[in-house]
Amino acid sequence: AFREAVVAEGGDPRPELMYGRGDIEFLANDHKVPALYFGPGDVNAAHTADESIDLDRYDLAVRVYERAVPAFLSSTARRA
Numbered sequence: 003a004f005r006e007a008v009v010a011e012g013g014d015p016r017p018e019l020m021y022g023r024g025d026i027e028f029l030a031n032d033h034k035v036p037a038l039y040f041g042p043g044d045v046n047a048a049h050t051a052d053e054s055i056d057l058d059r060y061d062l063a064v065r066v067y068e069r070a071v072p073a074f075l076s077s078t079a080r081r082a
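Going by my numbering, the letters in the sequence shown line up with residues 3 to 82, in that order.
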């Protein structure tokens, strides 16, 4: 759902490797919940003194969330 939403909004669907750790690892690894990190920031600037966000990437991410979340929820409802 997220890849399709990214493509539909004109973004680059190729995944980037996320270095570091976050709570999502516990969901994905310990509880086998399908998960992904998705956001508008530059992963190389995350949690740095100069962390910032490009507003065009922010707007793209909002549009992707607006598409992807309902599509994902709809697809999981069909499987239940």
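C-beta atoms are modelled at their ideal positions from N, C-alpha and C, and glycine is treated no differently.
What is the DSSP secondary structure of residue i, counted as helix, strand or coil?
{"i": "Arg65", "result": "helix"}
{"i": "Ala37", "result": "coil"}
{"i": "Glu11", "result": "coil"}
{"i": "Thr50", "result": "coil"}
{"i": "Leu19", "result": "coil"}
{"i": "Pro72", "result": "helix"}
{"i": "Asp32", "result": "helix"}
Is it the case that the Cβ atoms of residue i and residue j are separated by a distance below 8 Å?
{"i": "Pro42", "j": "Leu62", "result": "yes"}
{"i": "Val71", "j": "Val8", "result": "no"}
{"i": "Ala48", "j": "Ser54", "result": "no"}
{"i": "Arg69", "j": "Ala10", "result": "yes"}
Please list, in chain order, all residues of the same chain as residue i whose beta carbon is under 8 Å from its beta carbon, the five residues on each side excluded.
{"i": "Ala73", "result": "Ala3, Glu6 and Ala7"}
{"i": "Thr128", "result": "Any question about residue 128 goes unanswered here, given that the chain covers just 3 to 82."}
{"i": "Tyr39", "result": "Met20, Gly24 and Ile26"}
Can you list, in chain order, the residues of its chain with a C-beta nearer than 7 Å to that of residue i? Leave out the 5 residues immediately preceding and following it.
{"i": "Tyr60", "result": "Pro42"}
Give me, in chain order, the residues of the same chain whose beta-carbon lies closer than 6 Å to that of residue i; leave out the 5 immediate sequence neighbours on both sides.
{"i": "Ala37", "result": "Ile26, Leu29 and Ala30"}
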